[in-house]
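For the sequence shown, the working numbering begins at 12 and goes up steadily by one.
Glycine is no exception: its CB is placed at the ideal position from the N, C-alpha and C atoms.
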Amino acid sequence: MKIFIVTPDFSVHGGIRIILEWANRLTRWHAVYLHSLKGGSPRWFNLNEEVQVVSLEPMKRADLLIITSPHSAHLLEHPDRPRKVVGFMQMVEHLFRPRDRDWMNRCRAFYNMPHPMMAISYWNIEMVHNEFGRTARTHYIGNGVNTIDFPIELPAKDGRIVLVEGWEALNDSKDVNHIGPIVAGRLREHGYRIIAFSQTKLYTLPRIPHEYHVTPSLETLNRLYREATILLKASRFDARSCAPMEAMTKATPTVRAIELGDDDLLHEENCLRCDYDREELYHESIRLLKTPELYINLANGCHAHLRQNGWDTWMPIINDILCSA
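Right, here's the structure in full:
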(Lines of atoms letter the chains of each structure in order from A and count residues from 1; the text may use other names and numbers.)
(Lines give C-alpha, C1' and ligand atoms only; values in the text may rest on other atoms or scores of the structure.)
Protein backbone atom coordinates (compact mmCIF):
# COMPACT_ATOMS: atom_id res chain seq x y z
CA MET A 1 0.00 0.00 0.00
CA LYS A 2 1.13 3.56 -0.73
CA ILE A 3 0.70 5.68 2.39
CA PHE A 4 0.81 9.48 2.28
CA ILE A 5 1.49 11.12 5.69
CA VAL A 6 1.05 14.85 6.23
CA THR A 7 2.96 16.55 9.05
CA PRO A 8 2.52 20.20 10.10
CA ASP A 9 6.28 20.81 9.87
CA PHE A 10 9.67 19.33 10.76
CA SER A 11 10.27 21.32 13.95
CA VAL A 12 11.91 19.87 17.06
CA HIS A 13 8.77 18.78 18.82
CA GLY A 14 7.58 15.65 20.59
CA GLY A 15 4.53 15.18 18.42
CA ILE A 16 6.48 15.67 15.21
CA ARG A 17 9.00 13.05 16.36
CA ILE A 18 6.17 10.54 16.75
CA ILE A 19 4.93 11.23 13.22
CA LEU A 20 8.42 10.61 11.87
CA GLU A 21 8.77 7.44 13.94
CA TRP A 22 5.57 6.21 12.29
CA ALA A 23 6.92 7.06 8.84
CA ASN A 24 10.13 5.10 9.42
CA ARG A 25 8.41 2.06 10.88
CA LEU A 26 5.61 1.83 8.33
CA THR A 27 8.22 1.22 5.61
CA ARG A 28 8.36 -2.33 6.99
CA TRP A 29 5.04 -2.96 5.23
CA HIS A 30 4.35 -0.07 2.85
CA ALA A 31 5.68 2.60 0.51
CA VAL A 32 5.67 5.77 2.61
CA TYR A 33 5.43 9.36 1.34
CA LEU A 34 5.86 12.23 3.79
CA HIS A 35 4.69 15.79 3.17
CA SER A 36 5.34 18.80 5.41
CA LEU A 37 2.87 21.66 5.15
CA LYS A 38 5.79 24.04 5.70
CA GLY A 39 8.20 22.28 3.36
CA GLY A 40 11.84 21.51 4.11
CA SER A 41 13.20 18.30 5.58
CA PRO A 42 14.10 17.16 9.10
CA ARG A 43 17.62 18.12 10.17
CA TRP A 44 17.40 16.58 13.61
CA PHE A 45 15.88 13.18 12.85
CA ASN A 46 17.20 10.35 10.69
CA LEU A 47 14.53 9.30 8.24
CA ASN A 48 14.90 5.91 6.58
CA GLU A 49 15.98 6.30 2.99
CA GLU A 50 12.77 4.46 2.01
CA VAL A 51 10.68 7.40 3.27
CA GLN A 52 10.13 9.82 0.40
CA VAL A 53 9.76 13.49 1.41
CA VAL A 54 7.51 14.90 -1.29
CA SER A 55 5.28 17.75 -2.40
CA LEU A 56 1.51 17.42 -2.21
CA GLU A 57 1.22 16.25 -5.82
CA PRO A 58 1.92 12.51 -5.23
CA MET A 59 -1.02 12.33 -2.80
CA LYS A 60 -3.36 11.57 -5.71
CA ARG A 61 -1.50 8.31 -6.37
CA ALA A 62 -1.59 7.13 -2.75
CA ASP A 63 -3.89 4.45 -1.37
CA LEU A 64 -4.22 5.97 2.09
CA LEU A 65 -3.87 9.45 3.57
CA ILE A 66 -2.88 9.93 7.23
CA ILE A 67 -3.85 13.33 8.63
CA THR A 68 -1.92 14.00 11.82
CA SER A 69 -3.35 17.28 13.13
CA PRO A 70 -6.02 19.94 12.54
CA HIS A 71 -3.46 21.81 10.41
CA SER A 72 -4.26 19.30 7.64
CA ALA A 73 -8.05 19.28 8.02
CA HIS A 74 -8.48 21.13 4.71
CA LEU A 75 -7.14 18.05 2.90
CA LEU A 76 -10.34 16.20 3.80
CA GLU A 77 -11.98 18.21 1.01
CA HIS A 78 -9.06 18.05 -1.43
CA PRO A 79 -10.10 16.64 -4.84
CA ASP A 80 -6.92 14.55 -5.11
CA ARG A 81 -7.03 12.91 -1.72
CA PRO A 82 -7.22 9.09 -1.59
CA ARG A 83 -10.52 7.44 -0.81
CA LYS A 84 -9.09 5.97 2.38
CA VAL A 85 -8.23 8.41 5.16
CA VAL A 86 -7.12 7.80 8.75
CA GLY A 87 -6.67 10.46 11.41
CA PHE A 88 -3.89 10.39 13.98
CA MET A 89 -4.88 12.58 16.94
CA GLN A 90 -2.03 13.22 19.36
CA MET A 91 -3.91 15.83 21.39
CA VAL A 92 -7.21 17.70 21.46
CA GLU A 93 -5.44 20.71 20.01
CA HIS A 94 -8.27 23.22 20.38
CA LEU A 95 -7.02 23.54 23.97
CA PHE A 96 -3.82 25.08 22.64
CA ARG A 97 -5.67 28.15 21.32
CA PRO A 98 -9.19 28.06 22.76
CA ARG A 99 -10.03 31.67 21.79
CA ASP A 100 -8.99 31.32 18.14
CA ARG A 101 -12.23 30.78 16.18
CA ASP A 102 -10.53 29.70 12.93
CA TRP A 103 -8.36 27.20 14.79
CA MET A 104 -11.42 25.84 16.64
CA ASN A 105 -13.16 25.26 13.29
CA ARG A 106 -10.13 23.37 11.98
CA CYS A 107 -10.06 21.24 15.12
CA ARG A 108 -13.78 20.54 14.87
CA ALA A 109 -13.41 19.41 11.24
CA PHE A 110 -10.51 17.15 12.22
CA TYR A 111 -12.31 15.63 15.21
CA ASN A 112 -15.47 14.94 13.19
CA MET A 113 -13.91 13.46 10.06
CA PRO A 114 -16.09 10.54 8.87
CA HIS A 115 -13.06 8.26 8.80
CA PRO A 116 -11.29 6.04 11.35
CA MET A 117 -9.00 7.80 13.77
CA MET A 118 -6.28 6.72 16.17
CA ALA A 119 -5.74 8.58 19.43
CA ILE A 120 -3.15 8.21 22.18
CA SER A 121 -5.21 9.22 25.21
CA TYR A 122 -8.49 7.94 26.62
CA TRP A 123 -9.65 11.37 27.76
CA ASN A 124 -9.02 12.79 24.27
CA ILE A 125 -11.25 10.08 22.81
CA GLU A 126 -13.99 10.77 25.34
CA MET A 127 -13.85 14.50 24.64
CA VAL A 128 -14.14 14.31 20.85
CA HIS A 129 -17.03 11.85 21.10
CA ASN A 130 -18.91 13.37 24.05
CA GLU A 131 -18.27 17.09 23.58
CA PHE A 132 -17.72 17.38 19.82
CA GLY A 133 -20.11 14.68 18.64
CA ARG A 134 -17.65 12.47 16.78
CA THR A 135 -19.43 9.33 15.52
CA ALA A 136 -16.78 7.50 13.44
CA ARG A 137 -14.58 4.81 14.99
CA THR A 138 -11.69 5.95 17.19
CA HIS A 139 -8.97 3.44 18.13
CA TYR A 140 -6.86 3.79 21.26
CA ILE A 141 -3.11 3.31 20.72
CA GLY A 142 0.13 4.21 22.48
CA ASN A 143 3.57 5.52 21.60
CA GLY A 144 6.97 3.94 21.91
CA VAL A 145 10.48 5.26 22.44
CA ASN A 146 13.25 5.00 19.89
CA THR A 147 15.78 2.99 21.91
CA ILE A 148 18.46 3.53 19.29
CA ASP A 149 18.24 7.29 19.83
CA PHE A 150 17.59 6.80 23.56
CA PRO A 151 19.40 3.62 24.70
CA ILE A 152 18.08 1.91 27.82
CA GLU A 153 20.62 2.33 30.61
CA LEU A 154 20.89 2.11 34.38
CA PRO A 155 23.31 4.96 35.17
CA ALA A 156 24.52 5.97 38.62
CA LYS A 157 22.71 9.03 40.05
CA ASP A 158 24.10 11.58 42.48
CA GLY A 159 20.64 12.28 43.89
CA ARG A 160 20.97 16.07 43.51
CA ILE A 161 19.94 16.93 39.95
CA VAL A 162 16.39 17.96 39.06
CA LEU A 163 15.62 18.20 35.34
CA VAL A 164 12.65 20.35 34.33
CA GLU A 165 11.01 19.92 30.92
CA GLY A 166 8.73 22.53 29.38
CA TRP A 167 9.93 25.49 31.46
CA GLU A 168 8.19 27.98 29.19
CA ALA A 169 4.45 27.58 28.58
CA LEU A 170 4.01 27.68 24.80
CA ASN A 171 0.20 27.47 24.79
CA ASP A 172 -2.82 27.46 27.08
CA SER A 173 -2.60 23.73 27.86
CA LYS A 174 0.93 23.93 29.27
CA ASP A 175 2.32 25.24 32.57
CA VAL A 176 0.57 28.61 32.39
CA ASN A 177 0.92 29.18 36.15
CA HIS A 178 4.66 28.37 36.09
CA ILE A 179 4.36 25.91 38.95
CA GLY A 180 7.25 23.83 37.57
CA PRO A 181 9.75 26.72 37.73
CA ILE A 182 8.38 27.84 41.12
CA VAL A 183 8.80 24.36 42.63
CA ALA A 184 12.25 24.09 41.04
CA GLY A 185 13.17 27.33 42.81
CA ARG A 186 12.18 25.86 46.16
CA LEU A 187 14.21 22.73 45.44
CA ARG A 188 17.20 24.90 44.55
CA GLU A 189 16.96 26.44 48.02
CA HIS A 190 17.40 22.90 49.40
CA GLY A 191 20.65 22.52 47.47
CA TYR A 192 19.41 20.67 44.39
CA ARG A 193 20.91 21.50 41.02
CA ILE A 194 18.26 22.67 38.56
CA ILE A 195 18.64 21.96 34.86
CA ALA A 196 15.88 22.85 32.42
CA PHE A 197 15.08 22.65 28.73
CA SER A 198 12.35 24.00 26.49
CA GLN A 199 11.69 24.98 22.90
CA THR A 200 12.21 28.70 23.51
CA LYS A 201 14.59 31.06 25.25
CA LEU A 202 14.47 31.49 29.00
CA TYR A 203 12.03 34.17 30.14
CA THR A 204 10.34 32.82 33.28
CA LEU A 205 12.22 33.08 36.60
CA PRO A 206 15.58 33.15 34.79
CA ARG A 207 17.70 33.07 37.95
CA ILE A 208 16.53 29.62 39.00
CA PRO A 209 18.10 27.17 36.52
CA HIS A 210 21.80 26.40 36.88
CA GLU A 211 21.66 25.26 33.23
CA TYR A 212 19.08 25.97 30.55
CA HIS A 213 18.96 24.38 27.10
CA VAL A 214 16.90 25.51 24.10
CA THR A 215 15.90 22.60 21.82
CA PRO A 216 18.82 20.44 23.00
CA SER A 217 20.49 18.00 20.64
CA LEU A 218 19.93 14.27 20.91
CA GLU A 219 23.32 13.86 22.55
CA THR A 220 22.52 16.55 25.11
CA LEU A 221 19.09 15.09 25.84
CA ASN A 222 20.59 11.68 26.58
CA ARG A 223 23.13 13.29 28.89
CA LEU A 224 20.46 15.25 30.74
CA TYR A 225 18.24 12.20 31.22
CA ARG A 226 21.25 10.16 32.30
CA GLU A 227 22.43 12.67 34.92
CA ALA A 228 19.02 13.66 36.28
CA THR A 229 17.67 12.18 39.47
CA ILE A 230 14.09 13.10 38.62
CA LEU A 231 12.27 14.79 35.76
CA LEU A 232 9.90 17.51 36.89
CA LYS A 233 7.02 18.28 34.51
CA ALA A 234 3.92 20.40 34.98
CA SER A 235 1.15 21.25 32.53
CA ARG A 236 -2.61 21.46 32.58
CA PHE A 237 -3.31 18.99 29.78
CA ASP A 238 -1.37 16.46 27.74
CA ALA A 239 -2.22 13.30 25.86
CA ARG A 240 1.11 11.45 26.05
CA SER A 241 4.31 13.39 26.67
CA CYS A 242 7.52 12.24 25.02
CA ALA A 243 10.05 13.52 27.57
CA PRO A 244 8.92 11.32 30.52
CA MET A 245 9.13 8.20 28.35
CA GLU A 246 12.55 9.21 27.02
CA ALA A 247 13.71 9.81 30.61
CA MET A 248 12.50 6.32 31.53
CA THR A 249 15.25 4.88 29.31
CA LYS A 250 17.75 6.20 31.89
CA ALA A 251 15.68 4.95 34.86
CA THR A 252 14.74 8.56 35.61
CA PRO A 253 11.18 8.76 37.00
CA THR A 254 8.96 11.79 36.49
CA VAL A 255 7.15 13.84 39.10
CA ARG A 256 4.12 15.01 37.16
CA ALA A 257 1.57 17.73 37.91
CA ILE A 258 -1.38 17.61 35.51
CA GLU A 259 -5.13 17.97 35.26
CA LEU A 260 -5.71 15.41 32.52
CA GLY A 261 -3.43 13.20 30.45
CA ASP A 262 -0.17 11.29 30.12
CA ASP A 263 -1.53 7.76 29.89
CA ASP A 264 2.00 6.32 30.14
CA LEU A 265 2.56 7.76 33.62
CA LEU A 266 1.19 5.46 36.33
CA HIS A 267 1.26 6.83 39.86
CA GLU A 268 3.63 4.92 42.16
CA GLU A 269 4.43 2.45 39.37
CA ASN A 270 6.75 4.48 37.12
CA CYS A 271 6.18 8.03 38.38
CA LEU A 272 4.56 10.20 41.01
CA ARG A 273 1.69 12.29 39.73
CA CYS A 274 -0.57 14.86 41.31
CA ASP A 275 -3.07 17.55 40.43
CA TYR A 276 -1.88 20.70 38.72
CA ASP A 277 -1.06 22.25 42.07
CA ARG A 278 2.14 23.89 43.26
CA GLU A 279 2.13 22.51 46.81
CA GLU A 280 1.32 18.98 45.71
CA LEU A 281 4.09 19.04 43.11
CA TYR A 282 6.59 20.23 45.69
CA HIS A 283 5.49 17.59 48.21
CA GLU A 284 5.76 14.74 45.71
CA SER A 285 9.15 15.94 44.46
CA ILE A 286 10.62 16.01 47.97
CA ARG A 287 9.05 12.64 48.78
CA LEU A 288 10.72 10.99 45.79
CA LEU A 289 14.08 12.71 46.29
CA LYS A 290 14.24 11.68 49.95
CA THR A 291 12.83 8.14 49.77
CA PRO A 292 15.43 5.77 48.25
CA GLU A 293 13.17 2.69 48.33
CA LEU A 294 10.43 4.50 46.44
CA TYR A 295 12.96 5.83 43.96
CA ILE A 296 14.33 2.34 43.21
CA ASN A 297 10.82 0.94 42.74
CA LEU A 298 9.87 3.68 40.30
CA ALA A 299 13.16 3.40 38.40
CA ASN A 300 12.52 -0.32 37.96
CA GLY A 301 8.96 0.49 36.93
CA CYS A 302 10.27 2.81 34.23
CA HIS A 303 12.23 0.05 32.53
CA ALA A 304 9.36 -2.42 32.96
CA HIS A 305 6.95 0.01 31.29
CA LEU A 306 9.29 0.45 28.32
CA ARG A 307 9.55 -3.31 27.83
CA GLN A 308 5.77 -3.63 27.67
CA ASN A 309 4.95 -0.49 25.68
CA GLY A 310 7.57 -0.04 22.99
CA TRP A 311 7.22 0.49 19.25
CA ASP A 312 7.45 -3.28 18.73
CA THR A 313 4.19 -3.55 20.66
CA TRP A 314 2.29 -0.72 19.02
CA MET A 315 3.34 -0.61 15.37
CA PRO A 316 1.79 -3.97 14.33
CA ILE A 317 -1.46 -2.82 15.96
CA ILE A 318 -1.26 0.52 14.15
CA ASN A 319 -0.55 -1.22 10.87
CA ASP A 320 -3.55 -3.54 11.30
CA ILE A 321 -5.80 -0.51 11.84
CA LEU A 322 -4.43 1.17 8.71
CA CYS A 323 -4.88 -1.98 6.61
CA SER A 324 -8.50 -2.36 7.73
CA ALA A 325 -9.44 1.30 7.13
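Query	Result
Range covered by the alpha helix (DSSP H) that runs through R199	190–200
Buried or exposed by the 16-neighbour rule on C-beta atoms within 10 Å, applied to L240	The question names Leu, but residue 240 is Thr in the sequence shown. Counting Cβ neighbours within 10 Å, T240 comes out buried, since at least 16 surround it.
Euclidean distance between Cα positions of I219 and P81	36 Å
Cβ contact check for the stretch 91–98 and the stretch 57–64: 3 or more pairs under 8 Å	no
Beta-ladder partner(s) of V103, from DSSP	Note: V103 sits in no beta bridge, so no partner.
Short Cβ contact (8 Å threshold) for W134 with G272	yes
One or two residues paired with L76 in a DSSP bridge	F15, V96
Nearest to R54 (by Cα), restricted to the options S22, Y44, N330	S22
Closest Cα partner of M100 within the set C118, P109, K71	C118
Reduced DSSP category for T324 - H, G, I as helix; E, B as strand; rest coil	helix
C-alpha distance - A315 paired with V17, whole-angstrom precision	33 Å
Presumed contact (8 Å Cβ cut-off) between R337 and E270, rounded CB distance	Since the first and last residues shown for the chain are 12 and 336, residue 337 lies out of range.
Beta-carbon spacing of M129, I329 below 8 Å	yes
Endpoints, alpha helix (DSSP H) assigned at E304	303–319
Span separating the alpha-carbon of A250 from that of R72	33 Å
Proximity below 8 Å, CB of V173 to CB of I205	yes
Within 8 Å, strictly: CB atoms of V139 and Y293	no
E142 in three-state terms, based on DSSP	coil
Beta-carbon gap between V64 and I77 smaller than 8 Å	no
DSSP three-state assignment for L299, whether helix, strand or coil	helix
A130, enclosing beta strand (DSSP E) - first and last residue	128–130
Beta-bridge partners of S10, as assigned by DSSP	Residue 10 is absent from the structure shown; the chain starts at 12 and stops at 336.
is_contact[F56, chain B] using C-beta, thresh 8 Å	Any reference to chain B falls outside this structure, which holds one protein chain only.
Beta-carbon contacts of D74 that lie in its chain and below 8 Å, excluding the five residues immediately before and after	M12, K13, I14, P93, K95
Neighbourhood of I332 by C-beta distance below 8 Å, restricted to the same chain and skipping five residues each side	V97, P127, M129, H150, I152
Rounded Cβ spacing between R289 and I131 (contact assumed at less than 8 Å)	R289 to I131, Cβ: 28 Å. No contact.
Collapsed DSSP secondary structure at L67 in the structure displayed	coil
Where S252 falls, given that 16 or more other Cβ within 10 Å makes a residue buried	buried
Own chain residues within Cβ distance below 6 Å of T7, not counting five before or after	This structure gives no information on residue 7, because the portion of the chain shown stretches from 12 to 336.
Buried or exposed by the 16-neighbour rule on C-beta atoms within 10 Å, applied to C313	buried
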